[in-house]
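Asker: If you read the sequence shown in our numbering, its first letter stands for residue 766, the second for the next number, and so on. Where a beta carbon is used, it is the ideal one built from N, C-alpha and C, also for glycine.
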Amino acid sequence: MLFERPSGGERAVLVHVDLHSDSDQAALLEFKSLALSAGVEPLAVITTTRREPDPKYFIGSGKVAEIKQTVVDLHADVVLFNHTLSPSQERNLESELQCRVLDRTGLILDIFAQRARSHDGKLQVELAQLRHLSTRLVRGWTHLERQKGGIGLRGPGETQLETDRRLVAERIKQLKRKLERVQGQREQGRRKRKRAELPTVSIAGYTNAGKSTLFNTLATAQVYVADQLFATLDPTLRRIEVSSAQPVILADTVGFIRDLPHQLVAAFRSTLQETQDADLLLHVVDAASAERDANMIEVNNVLAEIGAEQRPQLEVFNKIDLMTGVEPHVDRDDLGRPKRVWVSAQTGLGMPLLLQAISELLYHDTVEEQLLLPASQGKLHARLYAIGAVANEQIDAEGRWLLTVRMPQLAWDILCKHYDIGAFLLPKPHGRLAAVSQSA
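Pasting the structure below:
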């Protein structure tokens, strides 16, 4: 039997298998939130306990019979499993239950498809969906594959199946080519920001921790916010001032979740590139959640998977308005640097402290150097003035600029990437500059 993919608003039976994990209760609550975020109507939740998954159904045959009866009694349209099912397990369950079966990966893909708004976001979702579907094409045509021949019946199943596989493979190739072009455009944008010597601060965190609310508060933006998982999917960039003459690019990206399917991480690698290349990560944590420690571990695991685990990180413990006796404050490490800020993005509590902490981490080290620039370096001379780095200027007899520059270490490092600063540096101590100045 061939089943159609469910759309939003489906009546669903939820199935959760306890595999003796300490976080199973939290995983079940999160599964219910995923189902609601997908727009389904949960009719019943069926749980069971197993030492290991059954190779045929993932669950036992007795539990399959119980689910089948529940589907009939409640007129359910789809059965959702809070686990990753193999193609054969999905096929066997659909055959037995006579309704659509969707595993955790398929459910998250459905949510992503609803949330994607940008062109590249839609491309990435479609790519992930097709990769997931390509392993499951066989189930829709098993009724044709079983036909053994006869007049007019020789091989239509195999022909249709191979046709579908070719079509999917071709579409995947097209999407990859389009995404490569989009990734190139994003890379151009990143290079442009780097040329402007603007550091990037990327907001990361567990989904529904308040990332988009924090982004809206800091950037005075209107990013969509809702109390649901993966409320926002597409990255958003804004320029903000963390303090006087200290601009940064603030990036809001997709939230993470426990057991985030690997193919989703791979598909959204270009989107997550903003996190990988950030000068500072704001790790937003729902401080009022009982699962905050486990959620932080999951976020750090995904950051490691995309190669962003070495990025400087500032923890933002959000939602203190839901906690008793907690005031906005900054926790510091042994060197006195900010490591955690306690805030409420919803009410604005602690926002000045957060901006101060970002400023300290990005601009804490100051570089003071002296440069001797020939007249041919007018572009560099103008750039130094544009970023407010010139503390003093003199002109020698040959028309060269003698500059004392003072700027944050981060801005200095970015500047050195784009200009051959070493060719114009005066050695320390600054006796040479003093001598040249006197002769001038």
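1. Counting Cβ pairs, one atom from each stretch, are 3 or more of them under 8 Å apart for the stretch 867-875 and the stretch 836-848?
2. As an exercise, report each continuous beta strand (DSSP E) stretch of at least 3 residues that is fully enclosed by the stretch 1086-1116, in chain order.
3. Which residues does DSSP list as the beta-bridge partners of Ile1014?
4. To which residues of the same chain is Lys797 closer than 8 Å at the C-beta, ignoring the five residues directly before and after it?
5. Let me know if Ala1188 comes out buried or exposed under the rule of 16 or more other beta-carbons within 10 Å of its beta-carbon.
6. Assign Arg942 to one of three DSSP states: helix, strand, or coil.
7. Is it buried or exposed, Ile1160, if we count other Cβ atoms within 10 angstroms and call 16 or more buried?
8. Select from Asp783, Ser802, Arg856, Lys1144 the residue whose C-alpha is nearest the C-alpha of Phe877.
9. Spell out a yes or no on whether the stretch 1054-1065 and the stretch 969-979 are touching, meaning 3 or more CB-CB pairs, one atom from each, closer than 8 Å.
10. Nearest-angstrom Cα distance between Arg749 and Asp929?
11. Please report how far the alpha carbon of Glu1080 lies from the alpha carbon of Leu1138, in whole angstroms.
12. Hey, how far is the Cα of Arg896 from the Cα of Ile937?
13. May I ask which residues mark the beginning and end of the beta strand (DSSP E) holding Arg1236?
14. By the DSSP assignment, the beta strand (DSSP E) with Thr762 in it spans what residues?
15. Ordered along the chain, which non-local residues of its own chain (more than five positions away) have a Cβ less than 7 Å from that of Gly1113?
16. Closer than 7 Å by C-beta to Ile916: which residues in its own chain qualify, once you throw out the five before and the five after it? Chain order, please.
17. Return helix, strand or coil for Phe1216, following the three-state DSSP convention.
18. Roughly how many angstroms separate the alpha carbons of Val1170 and Val1132, rounded to a whole number?
19. Identify every run of the beta strand (DSSP E) within the stretch 828-879, keeping only runs that are complete inside it and at least 3 residues long; order them along the chain.
20. Please return the same chain residues whose Cβ sits closer than 6 Å to the Cβ of Leu944, not counting the five positions on each side in sequence.
21. Name the one or two DSSP bridge partners that Met1172 has.
22. With a CB to CB cut of under 6 Å and the five nearest residues on each side skipped, what residues in its chain are close to Leu1068?
23. According to DSSP, simplified to helix, strand and coil, what is Glu1063?
24. Between Val837, Ile1014, Arg1105, Pro852, which lies nearest to Leu898 when the distance is taken from Cα to Cα?
25. List the endpoints of the continuous beta strand (DSSP E) containing Asn973.
26. Can you grab the Cα-Cα spacing for the pair Glu775 / Leu793, in whole Å?
27. Would DSSP call Asp1185 helix, strand or coil?
28. Starting from the Cα of Thr813, find the closest Cα among Val805, Gly804, Phe823 and give me that residue.
29. Residue range of the beta strand (DSSP E) that Arg776 falls in?
30. Are Asp1051 and Lys1104 touching if we call contact CB-CB under 7 Å?
31. Between Gly1072 and the rest of its own chain, which residues show a CB-CB distance below 7 Å, the 5 nearest in sequence each way excluded?
32. Can the beta-carbon of Val1049 be found closer than 7 Å to that of Lys941?
33. DSSP three-state label for Ala1052, please.
34. For a quick check, are the C-beta atoms of Tyr1184 and Leu1145 less than 7 Å apart?
35. Return the residue from the list Leu892, Lys828, Gly804 that minimises the CA-CA distance to Arg815.
36. Taking just the CA atoms, how far does Gln1111 sit from Glu1125?
Answerer: Reading off the structure:
1. yes
2. 1094-1097, 1103-1107
3. In the sequence shown, the residue the question calls residue 1014 occupies position 249. Answer is Thr965, Arg1004.
4. Against the sequence shown, residue 797 aligns to sequence position 32. Leu779, Pro807, Val810.
5. The residue you call residue 1188 lines up with position 423 of the sequence shown. It counts as exposed.
6. Numbered from 1 along the sequence shown, position 177 holds the residue referred to as residue 942. Helix, per DSSP.
7. Sequence index remark: in the sequence shown, residue 1160 carries index 395 (1-based). By the 10 Å Cβ count, Ile1160 comes out exposed.
8. Locating residue 877 in the sequence shown gives position 112, counting from the first residue. Measuring from the Cα of Phe877, the nearest candidate turns out to be Ser802.
9. yes
10. Past the boundaries of the shown model lies residue 749; the chain is included only from 766 to 1205, so the question cannot be answered.
11. Position 315 of the sequence shown, counting from 1, holds the residue named residue 1080. Position 373 of the sequence shown, counting from 1, holds the residue named residue 1138. Near 42 Å, if we compare the C-alpha coordinates of Leu1138 and Glu1080.
12. One-based indexing of the sequence shown puts residue 896 at position 131. One-based indexing of the sequence shown puts residue 937 at position 172. Roughly 8 Å between the two C-alpha positions.
13. In this structure the chain extends from 766 to 1205, so residue 1236 is not present and cannot be described.
14. The structure shown has nothing for residue 762, since the chain only spans 766 to 1205.
15. Numbered from its first residue, the sequence shown carries residue 1113 at position 348. For Gly1113, where only same-chain residues beyond five positions count, the Cβ hits under 7 Å are Thr982.
16. What you label residue 916 is simply residue 151 of the sequence shown in a count that begins at 1. With a pLDDT of 44 at Ile916, under the threshold of 50, the modelled position of that residue is not reliable, and no figure is offered here.
17. Examination of residue 1216 is not possible in this model, given that the chain is present from 766 through 1205 alone.
18. For the purposes of this step, residue 1170 is taken as the residue at position 405 of the sequence shown. For the purposes of this step, residue 1132 is taken as the residue at position 367 of the sequence shown. Approximately 8 Å, taken between the alpha carbons.
19. 843-846, 865-867
20. For the purposes of this step, residue 944 is identified with residue 179 of the sequence shown, where counting begins at 1. Around Leu944: Leu888.
21. Position 407 of the sequence shown, counting from 1, holds the residue named residue 1172. In DSSP, Met1172 forms a bridge with Val1132.
22. Here residue 1068 refers to the residue found at position 303 of the sequence shown. Only Glu1074 meet the Cβ criterion.
23. On the sequence shown, residue 1063 is found 298 positions in, with the first residue counted as 1. Of the three classes helix, strand and coil, the one that applies to Glu1063 here is helix, per DSSP.
24. Mapped onto the sequence shown, residue 898 falls at position 133. It is Pro852.
25. In the sequence shown, residue 973 corresponds to position 208, counting from 1. Element bounds for Asn973: n/a, residue is neither H nor E.
26. Here the question's residue 775 lines up with position 10 in the sequence shown. Here the question's residue 793 lines up with position 28 in the sequence shown. Their Cα atoms are separated by approximately 19 Å.
27. Taking the first residue of the sequence shown as position 1, residue 1185 is located at position 420. Three-state result, Asp1185: coil.
28. Against the sequence shown, residue 813 aligns to sequence position 48. Of the listed residues, the one whose Cα sits closest to Thr813 is Phe823.
29. Walking along the sequence shown from the start, residue 776 turns up at place 11. Arg776 -> beta strand (DSSP E) spans 776-783.
30. Taking the sequence shown and counting its residues from 1, one reaches residue 1051 at position 286. Taking the sequence shown and counting its residues from 1, one reaches residue 1104 at position 339. The answer is no: Cβ separation not under 7 Å.
31. Walking along the sequence shown from the start, residue 1072 turns up at place 307. So the qualifying residues of the chain are Gln1041.
32. Residue 1049 sits at position 284 when you count from the first residue of the sequence shown. Residue 941 sits at position 176 when you count from the first residue of the sequence shown. The answer is no: Cβ separation not under 7 Å.
33. Here the question's residue 1052 lines up with position 287 in the sequence shown. The answer is coil: DSSP assigns Ala1052 none of H, G, I, E or B.
34. One-based indexing of the sequence shown puts residue 1184 at position 419. One-based indexing of the sequence shown puts residue 1145 at position 380. Yes, the Cβ-Cβ distance between Tyr1184 and Leu1145 is below 7 Å.
35. In the sequence shown, residue 815 corresponds to position 50, counting from 1. Among Leu892, Lys828, Gly804, the Cα nearest to that of Arg815 belongs to Lys828.
36. If you number the sequence shown from 1, residue 1125 lands on position 360. If you number the sequence shown from 1, residue 1111 lands on position 346. For Glu1125 and Gln1111, the distance between alpha carbons rounds to 24 Å.
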